[in-house]
Amino acid sequence: MTVQHPNGRETKYAYDLLGRKLMVNHPDVGETNLTYDAAGNLLTKLTAELRKSISDKGYISYTYDFERLHEVLYPENLFNRVTYTYGK
Numbered sequence: 003m004t005v006q007h008p009n010g011r012e013t014k015y016a017y018d019l020l021g022r023k024l025m026v027n028h029p030d031v032g033e034t035n036l037t038y039d040a041a042g043n044l045l046t047k048l049t050a051e052l053r054k055s056i057s058d059k060g061y062i063s064y065t066y067d068f069e070r071l072h073e074v075l076y077p078e079n080l081f082n083r084v085t086y087t088y089g090k
């Protein structure tokens with residue numbers, strides 16, 4: 003899918019057959035790629051900025067515990083993580 007902005011530039015989107023966004027290519031930000039697990043939870047996000055600074059292995063990863071977001075891990079600094087705790 004392509005969206006044309008008033009200035010003539012385009013943002014492109016790609017989706018899988020389940021309607022999950024796989025790719026966004028924005029003229030100002032570059033391409034972002036997303037992957038999901040079988041349950042539809044976001045697993046990884048690879049942004050244009052990470053691709054430039056780290057490589058294709060430098061992605062943001064997400065882990066889940068029974069469908070609830072448990073942790074977000076950022077690649078540039080392995081100590082830079084966000085952990086979620088529920089019901090405590």
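The numbering of the sequence shown is my numbering, which starts it at 3 and goes up by one.
Positions of the beta carbon are idealized from the N, C-alpha and C atoms, including for glycine.
For L45, the enclosing beta strand (DSSP E) begins and ends at L44 to L48. Burial of Y64 is indicated by the presence of at least 16 other C-beta atoms within 10 angstroms of its C-beta.
Looking at G89, D39 and L48, the one whose alpha-carbon comes closest to that of G32 is L48. L75 has its alpha-carbon roughly 26 angstroms from the corresponding atom of P29. I62 is the residue among Y15, N9 and I62 whose C-alpha sits nearest the C-alpha of F81. As computed with DSSP, M3 is found in no beta bridge at all. Between G89 and Y38, the alpha-carbon positions lie close to 25 angstroms from each other.
Within the region 6-83, complete alpha helix (DSSP H) segments of at least 4 residues are found at 50-55, given in chain order.
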